[in-house]
Amino acid sequence: MAENTFDAIVVGSGISGGWAAKELCDKGLKVLLLERGRDVVHLKDYPTATKEPWEFAHRGTMPPAVLKENPVVARCYAFGESTEHFFVKDTEHPYIQEKPFDWIRGYQVGGKSLLWARQVQRWSKFDFDAPRRDGYATPWPIGYDDMAKWYSHVEKFAGISGNKDGLENLPDGEFLPPWDMNVLEKHIVAQLKTHYPDRPAVIGRCAHLTQPADIHLQQGRGQCQARSLCERGCPFGGYFSSNASTIPWAQKSGNLTLKTDSVVHSIIYDDKQKKATGVKVVDAKTKQTTEYSARIIFVNAACLNTNLILLNSKSDRFPNGLGNDNGLLGKFICFHNYRGSMSATYEGFNEFVTYGRRPTMIIMPSFRNVRKQEMPFKRGYLVAFTANRNQGTGYDGIGAELKDSQTQPGSWSVFMMMQGETIPKETNHVRLSTDKKDAWGIPQLITSVDYDENDELVLKDFLEQGKEMLEKAGCKNIYVNDSKQAPGLDIHEMGGVRMGKDPKTSMLNKWNQFHNCPNVFVTDGACMTSTGTQNPSLTFMAITARAANYAADEFKKRNL
Amino acid sequence: MNRRDLLKMVAAATGGVVIGGEFFLAGCTNPEAKIGIGVDFTESDIAFLDEVAETIFPKTATPGAKDAKVGQFMTVMVKDCYDEKDQKAFRAGMTSLDEACKAKHGHSFMKASPEHRKELLVALDKERGEYQKTKKSEDPNHYFQYFKQLTIMGFFTSKEGREGATNYKPVPGKYDGDVDYKKGDKVLTGLN
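Protein chains in written order, with this note's numbering: chain A, 1 to 560; chain B, 1001 to 1192.
#1: Using a Cβ-Cβ cut-off of 6 Å (strictly less than) and excluding sequence neighbours within five positions of Met375/A, which residues of its own chain qualify?
#2: Which one of Phe1156/B, His1142/B and Thr1134/B has the shortest CA to CA distance from Val1205/B?
#3: Should Ala384/A be labelled buried (16 or more other beta-carbon atoms within 10 Å of its own) or exposed?
#4: Is the stretch 257-271 of chain A close to the stretch 33-44 of chain A, with three or more CB pairs under 8 Å?
#5: What residues in the stretch 340-362 of chain A bring their beta carbon closer than 8 Å to a beta carbon of chain B?
#6: For Tyr479/A, which of helix, strand or coil comes out of DSSP?
#7: Locate the beta strand (DSSP E) running through Ile1046/B, then write down its first and last residues.
#8: Could you tell me the alpha carbon to alpha carbon distance between Gly1021/B and Tyr151/A, rounded to whole angstroms?
#9: So, with DSSP's three-state summary, where would you put Gln391/A?
#10: Using 8 Å as the threshold, is the C-beta distance between Leu29/A and Phe514/A below it?
#11: For Phe175/A, tell me which candidate among Val183/A, Phe335/A and Gly166/A has the shortest Cα-Cα distance.
#12: Please classify Glu421/A: is it buried, with 16 or more other beta-carbons within 10 angstroms of its beta-carbon, or exposed?
#13: Might you give, ordered along the chain, the residues of its own chain that have their beta carbon closer than 7 Å to the beta carbon of His576/A, omitting 5 neighbours on each side?
#14: Name the DSSP beta bridge partners of Asn243/A, please?
#15: Can you tell me where the alpha helix (DSSP H) holding Asn519/A begins and where it ends?
#16: Under a CB-based cut-off of 8 Å, is Lys1159/B close to chain A?
#17: Quick check on His492/A: does DSSP put it in helix, strand or coil?
#18: Go ahead and pull the three-state DSSP assignment for Lys314/A.
#19: Compare the C-beta of Met181/A against all C-beta atoms of chain B and say whether one is closer than 8 Å.
#20: If you measure from the beta carbon of Ala1089/B to each beta carbon in chain A, is any gap under 8 Å?
#21: Going by Cα to Cα distance, which pick from Tyr1181/B, Lys1182/B and Gly1177/B is closest to Tyr355/A?
#22: If you measure between the beta carbons of Leu580/A and Gly173/A, is that distance less than 8 Å?
#23: Can a CB atom of chain A be found closer than 8 Å to the CB of Val1179/B?
#24: At 8 Å on the CB atoms, spell out the chain B contacts of His58/A, in chain order.
#25: Since Lys567/A meets chain B, which of its residues come closer than 8 Å, beta carbon to beta carbon?
#26: Let me know the alpha helix (DSSP H) ranges lying completely inside the stretch 253-289 of chain A, each 4 residues or longer, listed in chain order.
#27: Please confirm whether Ala1092/B has its beta-carbon closer than 8 Å to some beta-carbon of chain A.
#28: Tell me which residues share the same chain as Gln108/A and place their Cβ nearer than 6 Å to its Cβ, disregarding the 5 neighbours each side in the sequence.
#29: Starting from Pro503/A and walking both ways along the beta strand (DSSP E), at which residues does that stretch end?
#30: Ignore the nearest five residues each way along the sequence and tell me which others in Cys475/A's own chain have a CB closer than 6 Å to its CB.
#31: For Cys206/A, name the three-state secondary structure that DSSP assigns.
#32: I'd like the list of long-range same chain contacts for Arg1117/B, defined as Cβ closer than 6 Å, with 5 residues on each side in sequence excluded.
#33: Tell me the residue span of the alpha helix (DSSP H) that contains Val183/A.
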């Protein structure tokens, strides 16, 4: 094969790109995996993984000078002295906020799979059917029955901890042992069961190896040690990331070529051959351009960058961006509503403490509009909560007594948050700047995304219901909060290249191929037709594995 | 440890907003807040802060603030992480504390006995507590709030403090949600 020619190109090495590369390599295709950032090799490139708090200049807090220079990324809960090297510097990657939007990015091999919160839930049949049933977005061209075996496929390889709860709106998966609830959480869950029998709360499902299976040992990964320092990269491979799991596996096949510092400028569409033939890459350091060819292209640059690349892929056939006959590319951007949260105290259970740092919370699947549209708002929200003992019994005094009281466990605190589905709208969109370019000569992205009235009603319902539930469970001093954060800080942006049945109202078919350019696939967040209330990454992985296996089969049949 | 957990710990411990908290937790919400670089501490400043911290968290059967070099830590945080307003207040607070000692005991803090030091800080802490309860949110904090907060933060994020005074496990190995506790048991530091 010519040096720059491959069977398949995958753009982006994050949580979905890593999966595309692994599946395609497993099926015997020669794959070029392009990453715009630097390499991060598992174990070798985790500089802070085992650092103690006192080994950081400011014990983990970021000096305001750094925060001021990086106002967007500074808002991310995971950004700190121990993780800053896995986030972009805002000044190096400008974008234009037509409306406030916090675009959180990590540009390195593994992308945000190094930083993600590792919480995973399967969509249910209700979630896939919701757009059709309730008349919003456009109907999904796939349903839960199409996805179930692919959820199983990715869960087994990634390693998912969870409990088989038997809930219709939260399907069980292939699980490693679940984490424990603590005594107060068990009490709250029991109280909720009495007062709200239709709102079961269960231990969170997360991508952590509570008990590694053989496949995980084969990956060179070991048991999660409950350190909860995951965002630094894990020396035990205890959680799922491209770096610890899919990329080394793909490399072992001998079929993978990984090129870092490779910024994809556009997909090359050949008007004569009537198909995409490759990608144009700008070297991140030298700014030189190179073209790579392949019969199949997977675009997994993460939602907004995938939209950007496709909008920038202009040809005679597609003057408005690849596949963009209907003008909908970049439109129907959606996200998760994270604005509501609350805290509370609880008196009791003083004879108990916890040991270890659990990487998941208690989750309550959405209980609104599940079987039919019945609220004054569309769709609903997942609830997650956790209970912890504070450090220190009191703050009064000076001296030995204060030191002693500060090393004792204090009162219990409960924290509760929401993850609300948002309704995709054509007006929420991204588009390319016509005059501003980035350092690689690529047009800057304009983000024009906002909350709507439905989001405000969903938020209001969560604040009311959450407070009432905690009260019924015996919690006190409930303090509710609207963070008023901009969209984007959820880091669950989706859409812009949505799947659908009709080429007039969607970009991708049921196999994630462009309706009008079948050798280009999009399987990251950009492909999502609706957002659901679930943490999305597991669905990205399953959609990717399904589409990649289809693409490989089509490749072998010479249909692509 | 991430910022939010650190802040949770300190805020819970100090019963209020962490000074400089807007920097510690969120992005800088006030672009006008001046981030000072113009505060310097001498060796004798650090020695003074060590003694203040040691009075707040003395060596007992477990290490004290001086073992954990909290004085030095305070100067790093004030220099790098406080805005100009809080830096000025901190420096002024050092002077106020010393003046209060002279007024109460007739000599400077450094010349005072451990008993006199403790007596002074107990009084200042009481004053701090009452002031913080009734002050308006836009009013400045009582200067003693800085020393107390930074002592607690500095001690529990130090090797001596964390390893010496808590049941810290860098690699817990598991999570157990149901551990019997009796008063006096050392516990795992925060971040549960």
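From the three backbone atoms N, C-alpha and C, an ideal C-beta is built for every residue, glycine too.
To lay it out plainly:
#1: For Met375/A, where only same-chain residues beyond five positions count, the Cβ hits under 6 Å are Arg368 and Asn369.
#2: With chain B represented from 1001 up to 1192, any question about residue 1205/B goes unanswered, as that position is not in the structure.
#3: buried
#4: yes
#5: Asn350, Glu351, Phe352, Val353, Thr354, Tyr355, Gly356, Arg357 and Arg358
#6: DSSP, reduced to helix, strand and coil, places Tyr479/A within a strand of the structure shown.
#7: Ile1046/B -> not in any beta strand (DSSP E); alpha helix (DSSP H) instead, spanning Glu1043 to Ile1056.
#8: At Gly1021/B the pLDDT is 42, less than 50, meaning the model places this residue with poor confidence; the figure from the coordinates comes in the next sentence. Distance between the alpha carbons of Gly1021/B and Tyr151/A is about 42 Å.
#9: strand
#10: no
#11: Gly166/A
#12: buried
#13: With chain A covering 1 to 560 only, the question about residue 576/A has no answer from this structure.
#14: DSSP lists no partner for Asn243/A.
#15: It is not in any alpha helix (DSSP H) - Asn519/A instead sits in the beta strand (DSSP E) that spans Cys517 to Val522.
#16: yes
#17: coil
#18: coil
#19: So, interface residue.
#20: no
#21: Gly1177/B
#22: Residue coverage of chain A in this structure runs from 1 to 560, which leaves residue 580/A outside it and unanswerable.
#23: yes
#24: Val1076, Met1077, Asp1080 and Cys1081
#25: The requested residue 567/A does not occur in the structure, where chain A is confined to residues 1 to 560.
#26: none
#27: no
#28: Gly37, Arg38 and Val40
#29: Looking at the DSSP string, Pro503/A is not in any beta strand (DSSP E), and its letter there is neither H nor E.
#30: Ala344, Tyr346 and Val414
#31: strand
#32: Thr1055
#33: Val183 to His195
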